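Student:
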């Protein structure tokens, strides 16, 4: 389980499906992660979290968890 610090993001809204994709960018050397098509409510929640908490957002790739924290989360913070 590895936490990655989110350093940027791209939002892609798709009117036809009434939802969109979110691409998260990480520190140098880490490939970006793009979500599948998300329903409007999930897309909005992720977009709001990234917009308002970006310097503090972390992503855990194995369980696909987004978390806000001032420092890198630990194993215990997932429980």
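Residue numbers (the working numbering): -11 to 67. Glycine included, each C-beta is placed from N, C-alpha and C at the ideal position. Quantities reported herein were computed from a predicted structural model and do not represent experimental measurements.
(1) Taking C-alpha atoms, which residue in 40, -1 and 57 lies nearest to residue 20?
(2) Would you report the Cα separation of residue 56 and residue 49, rounded to the nearest angstrom?
(3) Whose C-beta lies closer than 8 Å to the C-beta of residue 26 among residues of the same chain, with five residues either side of it excluded?
(4) Bridge partners of residue 11, per DSSP?
(5) Near residue -6, what residues of its chain come up, given a Cβ to Cβ distance below 6 Å and the 5 sequence neighbours on each side ignored?
Tutor: For this structure:
(1) With distances taken between Cα atoms, residue 20 lies closest to -1.
(2) 15 Å
(3) Only residues of its own chain outside the window of five on either side were considered, and among them 7, 8, 9, 10 and 34 have a CB closer than 8 Å to the CB of residue 26, listed in chain order.
(4) -2 and 22
(5) 12, 45 and 47
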